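First up is the structure itself, then whatever we jot down about it.
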């Protein structure tokens, strides 16, 4: 869950105010099409079946289920509290049942050691969705695990479409302080890979060597979008809270361009 939250935050950090919106469309190796759209203080991420709207101006998110014609509304404060409750529940489970899964209590509660992540530019380049991308191999503990094709130009273009400050404030309000990089050594360590990949550029294509899973941007468009694009469709039924994060029937990471 932590990585999902951080990945979602990653989408925001490539974003300063601008007039035109940024529309990014892509596909995955299993045939799914996803998109990420951002304009000023609003973003919309997902697929044709479901999507998440973030209103950073009001610090509210809406998860819209198109087929069911329903939606969930969650404030940043509610998300923060539910993530904290989930973390406490996991800790309680570890204390009670850790001995049944091998090792002592302390070993069960501790997070596994994070791999040492390094990056190697190969010098290979290709044009993806109209942007020149450079290949970078990602290693964990010296073993190649994935490759990313990155573009600094796309990152710069995205920074003209979204209000970075507002999204950063919203995400900070959504996430418990102990999960945020600036609040603890553990958090800072978990965010270090993200900072490095921001410096490399926006990933237009990503290939995971294990399972050969691929995500690739297929189209990038700049255009001004109507406010209604970032609103829940009329007639959709508001559902009671589902407990934070994403509903269970939304695949983790689904619709995310990174």
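Numbering (mature numbering (1 follows the signal peptide of the UniProt record, and there is no 0)), first residue to last: -20 to -1, 1 to 238. Beta carbons are placed, not taken as given, at the ideal position from N, Cα and C, and that holds for glycine. This one's a predicted model, so the numbers in the text were calculated from it and none came from an experiment.
Apart from the five residues just before and just after residue i, which ones in its own chain have a Cβ nearer than 7 Å to its Cβ?
| i | result |
| --- | --- |
| residue 50 | 216, 217 and 219 |
| residue 169 | Bear in mind that a pLDDT of 45 at residue 169, under 50, signals an unreliable position, so the number given afterwards is only what the model happens to contain. Taken in chain order, the residues that qualify are 94. |
| residue 56 | 39, 150, 153 and 154 |
| residue 87 | For residue 87, the predicted model reports a pLDDT of 44, less than 50, meaning its position is unreliable; a value from the coordinates is still stated below. Same-chain partners within the cutoff: there are none. |
Pull up the CB-CB distance for residue i and residue j, whole angstroms please, since I reckon it's below 8 Å.
| i | j | result |
| --- | --- | --- |
| residue 116 | residue 101 | 5 Å |
| residue 124 | residue 52 | So it is not a contact: roughly 39 Å between Cβ atoms. |
| residue 212 | residue 44 | 6 Å |
Helix, strand or coil: which one does DSSP assign to residue i?
| i | result |
| --- | --- |
| residue 216 | coil |
| residue 67 | helix |
| residue 136 | helix |
| residue 39 | coil |
| residue 104 | strand |
| residue 62 | helix |
| residue 189 | coil |
| residue 204 | coil |
| residue 178 | helix |
| residue 131 | strand |
Enumerate in chain order the residues of its own chain whose CB-to-CB distance from residue i is below 6 Å, with the five nearest sequence positions on each side excluded.
| i | result |
| --- | --- |
| residue 33 | 24, 42 and 210 |
| residue 134 | 111 and 182 |
Give every residue of the same chain whose Cβ lies closer than 8 Å to the Cβ of residue i, excluding the five residues on either side of it in the sequence, and list them in chain order.
| i | result |
| --- | --- |
| residue 28 | 13 and 46 |
| residue 184 | 108, 109, 111, 113, 129, 130, 131, 134, 196 and 197 |
| residue 121 | 95 and 96 |
| residue 204 | -2, -1, 1 and 19 |
Check for me: the alpha helix (DSSP H) holding residue i runs from which residue to which?
| i | result |
| --- | --- |
| residue 48 | Residue 48 -> no alpha helix (DSSP H), and no H or E assigned at all. |
| residue 149 | 144 to 154 |
Under DSSP, the beta strand (DSSP E) around residue i begins and ends at which residues?
| i | result |
| --- | --- |
| residue 113 | 111 to 120 |
| residue 8 | 1 to 8 |
| residue 24 | 22 to 26 |
| residue 19 | 13 to 19 |
I'd like to confirm something about residue i: is its beta-carbon nearer than 8 Å to some heavy atom of the ligand NAD, or not?
| i | result |
| --- | --- |
| residue 42 | Among the components modelled here there is no ligand, and therefore nothing to report on the ligand NAD. |
Review point. How do the region 124 to 142 and the region 15 to 34 stand: do at least 3 beta-carbon pairs fall below 8 Å, yes or no?
Key: yes
Check your understanding: Counting pairs of beta carbons, one from the region 4 to 11 and one from the region 185 to 198, are three or more of them closer than 8 Å?
Key -> yes
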